[in-house]
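Okay, so here's the structure we're looking at.
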Amino acid sequence: MKLSERQLVLLSVALSAAVIAAALSALALRRPPAPPAAGAGYVAVVRIDGPIAYRTSQLALLGSTASVDDILKLLDSALRDPLAKAVVLRVNSPGGSAAASEALYLKVRELAAAKPVVAYIEEYGTSGAYMAVLPAARILASNSSIVGAVGVYASVITYSGLFEKLGVRVYVFKSGELKDVGSPFREPSEEDKRVLQSIVDGVFNLFKERVLAHRRIANASEVFSGRPFLAGEAVELGLIDGVGVLDDAIDLARRMAGLPKGAPARELKPPSPGLLRLLLGGASLAQMPVVPRVEVLAMWPPPG
Amino acid sequence: MRNSAILSLAIGLLSLLLAASPLAGGPESLAEDPLKLLAALAWVLALALVLLVLAIAAWVLKVLGWWSMCRSGMRRFYCVTKYAVLLGPVIGVALLIAGGVALALEALRGGAFAAEGPGGASEWGALAYALPGLLAIAVANVIEGVSILDVGLQVGVKALAVGAAVHLSTALLLPLQLLAGTPSLAALGGGFASGLGAVWSAASALASLLLAAGFHLAKRKVIGSEAQREAAGSA
């Protein structure tokens, strides 16, 4: 049997087409479950990782932070997306700046008023991070996570002694006695200390009110001492609702939203930072402890 | 082309050694002994280098073979085969590299590895990016297989025709390979023992063996018939 030129071409084309069609079919068969179809609904997962701060915050200069700007956008998109029937906040943060934590708290409150929100604390859910998730309908945590540290601190670092040794003198001209409260160029006066303490107390009172508004606290004096707790103790004190794993939080969110058991969970991610920014900004990706000069709702000392 | 088939067979056998290397169980198994791990890595790298050189040599010989077939003017289709054998792997590897770069960029942006719940989204993404390159190589293999089949039928060497059929079947196994797991470029090219595993490797090795024997028999047959023709002419 001999084949003509035409038959050779036809055979090659037919076999190649068969290979291509079968390969594409096989690829389609192996395709992972598609994103939820219209009306299907899913659980949106939003991460809150690292110290909470605005991108331009002093905290952000000290290492990788959970940029509140990005998280707020993600929470907004979860709020607007009618298919995001429930939201799981996946938290691993020791807290952060008071203003950023406050912004996050307000957004979570808005979200929780619209759809079921479950918070899941993986390793750290302390201080500002804990405040941010207070409006969640349920707060779960990993068994070995650290929760609480309900409190506020501010630290002032002064260089006056160092400058004196170096022969450096700083002259400050100010309109009022307290205009340079917290200045690193001089030792704080008693009045400075009083002012700073009153600011810390003011922020703390707000924090305390929020904890009491959202949770039934069993032992207030211990909780508001500022100490962190293991998840088990946090359950007993009423800081959280239970311990479990991330899947438990997602399942709970599904149930609360009336979604079927197989409803997908989809992590919402901030937009791409771009290759150039990744390459140039790579150095800031390392996690570093936070040494703040602003009033901070964070666990102290920060986890290294 | 006979020598190319012999080299392909050697590649298939050497790749079995690669598959049986201590690293096949994962580097974790050697993590406790850094010296052993280094030795195993050096062994694998050396073997991979040898395989790469052999694969390139086999490809060059194959291209030269089809070049001669094209020049002989027996079939115009052999000239198509010449270009398919020459350009198929080049385009395929270029597409695979481009797919790898695109996948890496996607991964950096968090797209390809985006958590969509349990389910191999990243593996599927890798397959999708690798597919154009793999198909370019598979189509080149199909065209070459059809040409070899034709040579086998023309010369009347059964081993060549059967070898071509097995060679074609390895190209047709690509979809099964996709269903079973990530295919390996090496398996498509020369019969490495990986991917779909034993079936693919065995089929590739068998194809190489049959093609080597077939091309050898075909050469002898052609030389014999030419000698007969010359003898008849001189008589």
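Chain order of the listed sequences is W and H. The opening position of the first sequence corresponds to residue 226 in this note's numbering, with each subsequent residue numbered one higher. The opening position of the second sequence corresponds to residue 13 in this note's numbering, with each subsequent residue numbered one higher. The C-beta atom is built at its ideal place from N, Cα and C for all residues, glycine as well.
Give the range of the alpha helix (DSSP H) segment to which residue i is assigned.
i	result
Arg-411/W	Unbroken run through Arg-411/W: none, as it is neither H nor E.
Pro-46/H	46-84
Glu-402/W	From DSSP, Glu-402/W is part of no alpha helix (DSSP H); its letter is neither H nor E.
Gly-373/W	Gly-373/W -> not in any alpha helix (DSSP H); beta strand (DSSP E) instead, spanning 371-373.
Ile-424/W	415-439
Leu-228/W	From DSSP, Leu-228/W is part of no alpha helix (DSSP H); its letter is neither H nor E.
Leu-297/W	293-305
Asp-466/W	Here Asp-466/W belongs to no alpha helix (DSSP H), and DSSP marks it neither H nor E.
Val-377/W	Looking at the DSSP string, Val-377/W is not in any alpha helix (DSSP H), and its letter there is neither H nor E.
Val-448/W	445-448
Gly-275/W	Neither: Gly-275/W is in no alpha helix (DSSP H) and is coded neither H nor E.
Gly-483/W	It is not in any alpha helix (DSSP H) - Gly-483/W carries neither H nor E in the DSSP assignment.
Gly-386/W	385-391
Please go through the same chain and pick out, in chain order, the residues whose beta-carbon is closer than 8 Å to the beta-carbon of residue i, but skip the five residues on each side of it.
i	result
Glu-416/W	Glu-402, Leu-403
Gly-386/W	none
Phe-388/W	Arg-394, Val-395, Phe-410
From which residue to which residue does the beta strand (DSSP E) around residue i run?
i	result
Gly-299/H	Here chain H comprises residues numbered 13 to 247, so residue 299/H is not present and cannot be evaluated.
Ile-364/W	363-366
Ser-322/W	320-322
Gly-350/W	342-351
Leu-359/W	Premise fails: Leu-359/W is in no beta strand (DSSP E) and is neither H nor E.
Phe-454/W	453-455
Ala-490/W	490-492
Ala-265/W	Taken as a continuous stretch (DSSP letters only), Ala-265/W belongs to no beta strand (DSSP E), as it is neither H nor E.
Rounding to the nearest angstrom, what Cα-Cα distance links residue i and residue j in this structure?
i	j	result
Pro-341/W	Asp-301/W	14 Å
Arg-411/W	Phe-398/W	13 Å
Leu-477/W	Val-375/W	26 Å
Arg-435/W	Ser-352/W	12 Å
Glu-461/W	Glu-118/H	44 Å
Arg-334/W	Pro-101/H	58 Å
Ser-380/W	Gly-451/W	15 Å
Val-425/W	Lys-418/W	10 Å
Phe-125/H	Val-448/W	Confidence in Phe-125/H is poor, its pLDDT being 43 and thus under 50, which makes the residue's placement too unreliable to answer from.
Lys-233/H	Ala-239/H	10 Å
Asp-274/W	Met-481/W	25 Å
Ser-16/H	Leu-471/W	55 Å
Cys-91/H	Asp-306/W	57 Å
Val-238/W	Ala-269/W	46 Å
Leu-78/H	Val-72/H	Note that residue 78/H is Trp in the sequence shown here, rather than Leu. Their Cα atoms are separated by approximately 10 Å.
Leu-185/H	Ala-70/H	22 Å
Ala-488/W	Val-312/W	13 Å
Leu-355/W	Ala-339/W	Correcting the residue identity first, residue 355/W is Tyr in this sequence and not Leu. When rounded, the distance between both Cα atoms is 20 Å.
Tyr-384/W	Leu-314/W	40 Å
For residue i, which residues from the same chain have a beta carbon less than 7 Å from its beta carbon, with the 5 sequence-adjacent residues on both sides left out?
i	result
Leu-299/W	Val-271, Leu-493, Pro-495
Leu-222/H	Ala-171, Val-174, Gly-175, Val-178
Glu-128/H	Its pLDDT being 43, under 50, Glu-128/H is placed unreliably by the model, and the measurement read from it follows with that caveat. Closer than 7 Å at the Cβ level, and outside the excluded window around Glu-128/H, lies no residue.
Glu-156/H	Thr-93, Ala-96, Val-97
Gly-226/H	Gly-164, Val-169, Ala-171, Leu-172, Gly-175
Lys-486/W	Arg-479
Asp-473/W	Leu-365
Ser-159/H	Phe-89, Tyr-90, Thr-93
His-228/H	Arg-14
With distance defined between alpha-carbon atoms, name the residue in the options nearest to residue i.
i	options	result
Gly-237/H	Gly-226/H, Gly-168/H, Ala-219/H	Position check: residue 237/H holds Ser in this sequence, whereas Gly was assumed. Checking every option, the nearest Cα to that of Ser-237/H belongs to Gly-168/H.
Lys-433/W	Ala-445/W, Ala-339/W, Ser-423/W	Ala-445/W
Ser-408/W	Arg-315/W, Glu-327/W, Ile-382/W	Ile-382/W
Gly-321/W	Gly-350/W, Leu-431/W, Leu-484/W	Gly-350/W
Leu-484/W	Leu-240/W, Ala-309/W, Ile-424/W	Ala-309/W
Arg-491/W	Ala-251/W, Ser-237/W, Ala-265/W, Leu-421/W	Ala-265/W
Leu-236/W	Asp-162/H, Ala-230/H, Leu-76/H	Asp-162/H
Val-151/H	Asp-472/W, Arg-363/W, Ala-325/W, Ser-241/W	Ser-241/W
Ile-442/W	Phe-429/W, Val-428/W, Gly-427/W, Glu-458/W	Glu-458/W
Lys-74/H	Ala-106/H, Leu-49/H, Met-13/H, Lys-48/H	Met-13/H
Val-211/H	Cys-91/H, Leu-99/H, Ser-181/H	Ser-181/H
Arg-231/W	Arg-87/H, Leu-218/H, Ala-106/H, Glu-242/H	Arg-87/H
Arg-363/W	Tyr-378/W, Leu-336/W, Ala-325/W, Val-343/W	Val-343/W
Leu-57/H	Asn-153/H, Ser-27/H, Lys-231/H	Ser-27/H
Leu-437/W	Val-420/W, Leu-421/W, Gly-392/W, Pro-360/W	Pro-360/W
Arg-440/W	Asp-466/W, Ser-423/W, Asp-405/W, Ala-303/W	Asp-466/W
Counting only the same chain and skipping the five closest in sequence on each side, list residues whose C-beta sits under 6 Å from that of residue i.
i	result
Leu-464/W	Val-372, Gly-373
Asn-368/W	Ala-456, Val-468
Ser-104/H	Here residue 104/H is Gly; the residue named in the question, Ser, does not match the sequence. Within the same chain, Gly-104/H has close Cβ partners Gly-145, Ala-148, Ile-149.
Leu-30/H	Leu-59
Gly-202/H	The predicted model places Gly-202/H with a pLDDT of 42, which falls under 50 and marks its position as unreliable; any figure quoted below should be read in that light. Correct list, in chain order: Ser-20, Ile-23, Ala-67.
Ala-244/H	none
Leu-431/W	none
Ser-326/W	Ile-277, Gly-353, Met-356, Ala-357, Leu-522
If we cut at 9 Å on Cβ distances, does residue i have a partner in chain C?
i	result
Ala-140/H	The structure shown has no chain C; the protein chains it does contain are W and H.
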